[in-house]
Amino acid sequence: MQTASADKAIAAGLFRPVRLGSLELRNRIAMAPMSRYLCPDDVPHQGVVDYYRRRAEADVGLIITEGTYIGHPSAASYAGVPHFHGEALAGWARVLQAVHAAGGRIFPQLWHTGSFRQSWMGPVKGVPGFGPSENFNAFTMHPEPTRAMTEADVEEVIGAYARAAADAQALGFDGVELHAAHGYLIDEFLWDRTNRRTDRWGGDRRGRTRFAVEIVRAIRGRVGPDFPVSLRWSLWKQQDYQAKLADTPTQLAEILEPLVEAGVSILHTSTRRFWSPGFSDEGDLTLAGWTKKLTGLPVIMVGGAGLDRAGIDVVTQVASLDVLEKPLRGDEFDILAVGRALLADPEWARKVGEGRIGDCRPYSRDLLDSLG
Ligand SMILES: Cc1cc2nc3c(=O)[nH]c(=O)nc-3n(C[C@H](O)[C@H](O)[C@H](O)COP(=O)(O)O)c2cc1C
């Protein structure tokens, strides 16, 4: 591939250091959270330490880890996902040490999988999936409906998020990210199709946002005002790529404003193609741009960086960064998260910085089998 000349200017834009509240980053490139399902004992092992170290050593400014389960028996569904409680914390401490030694910063992504869980799944068999309402998860085609959470369940799960964030801070992590996207538990509360509650945890957009708000409040109560708390949200759901939490910027503000008031410090807007307009009837501002405009918070943008625009194929070729030109010029984001391109090539950030994007290894699905 011929490296576009625009890529050099874009790389210079990405390599500007940035300060977001108490967080200082050497550049604006983050590794997007990517589950790898390669921790059979639920504990990050040496292979995981080396996997993140390689990206930090090759100039990634911020690593957001793969989703990691909070300490509640209803949080887990898929096997091989590292936990963020108990014995697993010692493994995470080693990951953290390796990333810091390489000059990187790192947030764990705190995860509760909601209705993706079924009661036959580990580690505590018999515990059903939790959700705002009794939902059948059509995406996973699992037969069991989730348990509509009781007040006590809600309190317990909020407590588990707060404990995980406090543990992250005590270990020395640079912040935490809440996985509130893609149809998992927090997003199930946000979405009217999966939240049909009529109590204070449901209702209109503000009501449906209350669960996320109370998690953020509980976390703030434990970690204080300055610890970075990122919240990753998305319009789309794995259950339905066309789903929408909001049809207009005004509706989106009804969700984002309470989160800002509760103390979120960074918003991570998850889209599949970051350059697409956030609301097609409202001009060409990206969804990351809308998030910044509506909240004034620092925003992480993601979706398709460095990959061929045709999208997600078995093998996805490396592509120019020219689609970043407009959002960079318009200050539509603060940090660019890079997923598959960084999974494929641990040196992606360094090569981009050196104007060698054409040398990056293309993404292919067989790379998911091991921690390269
Ligand atoms: C293998 C894989 C695992 C993923 N796991 C997670 C995850 O644990 N948490 C999350 O929020 N997003 C997850 N994602 C979504 C990515 O963070 C990212 O948003 C998506 O891949 C689009 O970015 P990209 O085009 O740069 O890859 C995953 C994506 C991939 C490819």
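Residue numbers (the working numbering): 886 to 1257. C-beta atoms are modelled at their ideal positions from N, C-alpha and C, and glycine is treated no differently.
Assigned secondary structure, residue i (DSSP; H/G/I helix, E/B strand, else coil)
| i | result |
| --- | --- |
| Tyr1248 | strand |
| His997 | coil |
| Lys1285 | Residue 1285 cannot be examined here, being either before or after the span of the chain that is shown, 886 to 1257. |
| Ile1140 | helix |
| Glu1239 | coil |
| Phe992 | strand |
| Thr1180 | helix |
| Ala1066 | strand |
| Asp1207 | helix |
| Arg904 | strand |
| Thr1083 | coil |
| Met886 | Residue confidence for Met886 is low, a pLDDT of 43 falling below 50, so the modelled location carries little weight; the figure read from the coordinates is stated next. Coil, per DSSP. |
| Trp1005 | coil |
| Leu1256 | coil |
| Leu1056 | helix |
| Leu1228 | helix |
| Leu1213 | helix |
Exposure of residue i, with buried meaning 16 or more beta-carbon neighbours within 10 Å
| i | result |
| --- | --- |
| Arg1078 | exposed |
| Phe1297 | Since the first residue shown for the chain is 886 and the last is 1257, residue 1297 is missing from the structure and cannot be characterised. |
| Arg1002 | buried |
| Trp1076 | buried |
| Glu1217 | buried |
| Arg1081 | exposed |
| Thr1008 | Note on residue identity: the sequence assigns Pro, not Thr, to residue 1008. With fewer than 16 other Cβ atoms within 10 Å, it is exposed. |
| Thr1261 | Here the chain comprises residues numbered 886 to 1257, so residue 1261 is not present and cannot be evaluated. |
| Tyr1126 | exposed |
| Leu1179 | buried |
| Ala986 | exposed |
| Ala1053 | buried |
| Gly1224 | buried |
| Trp1005 | exposed |
| Ser1205 | buried |
| Arg1250 | exposed |
| Asp1084 | exposed |
| Gln887 | Its pLDDT being 42, under 50, Gln887 is placed unreliably in this model, and the value from its coordinates should be taken loosely. Gln887 should be labelled exposed. |
| Gly965 | exposed |
| Ala1037 | exposed |
| Gln1124 | buried |
CB contact flag (residue i, residue j, <7 Å)
| i | j | result |
| --- | --- | --- |
| Arg1117 | Ala1066 | yes |
| Glu1062 | Ile949 | yes |
| Ala983 | Leu947 | no |
| Ser1150 | Val1187 | no |
| Asp913 | Leu923 | Checking the displayed sequence, the identity of residue 913 turns out to be Arg instead of Asp. Going by C-beta atoms, Arg913 is not nearer than 7 Å to Leu923. |
| Pro918 | Glu951 | yes |
| Thr953 | Pro1017 | no |
| Val1237 | Ala896 | yes |
| Glu1239 | Ala943 | no |
| Trp996 | His930 | no |
| Arg979 | Val928 | no |
| Ala1045 | Gly956 | yes |
| Ser1000 | Gly1014 | yes |
| Val1098 | Ala1147 | yes |
DSSP beta-bridge partners of residue i
| i | result |
| --- | --- |
| Arg1151 | Note on residue identity: the sequence assigns Ile, not Arg, to residue 1151. Looking at the DSSP assignment, Ile1151 forms a beta bridge with Ser1115. |
| Phe1015 | Arg1032 |
| Met916 | Ile948, Val1223 |
| Ala1051 | Answer is none; Ala1051 lacks a bridge partner. |
| Val1101 | Answer by DSSP bridge pairing: none, since Val1101 is not bridged. |
| Ile1185 | His1153, Ile1220 |
| Glu909 | Arg904 |
| Thr1171 | Pro1162 |
| Val1061 | Val1114 |
| His968 | Tyr954 |
Range of the contiguous beta strand (DSSP E) that encloses residue i
| i | result |
| --- | --- |
| Ile948 | 947-954 |
Bounding residues of the alpha helix (DSSP H) (the contiguous stretch that carries residue i)
| i | result |
| --- | --- |
| Leu1070 | 1070-1075 |
| Ala973 | 973-986 |
| Gln1127 | Gln1127 -> no alpha helix (DSSP H), and no H or E assigned at all. |
| Leu1192 | Segment: none, Leu1192 is in no alpha helix (DSSP H) and carries neither H nor E. |
| Leu938 | Looking at the sequence itself, residue 938 is Arg, so the reference to Leu does not match. Start and end: 931-942. |
| Ala894 | 891-899 |
Minimum Cβ-Cβ distance from residue i to chain C less than 7 Å
| i | result |
| --- | --- |
| His1027 | Reference to chain C is not applicable here, since this structure consists of a single protein chain. |
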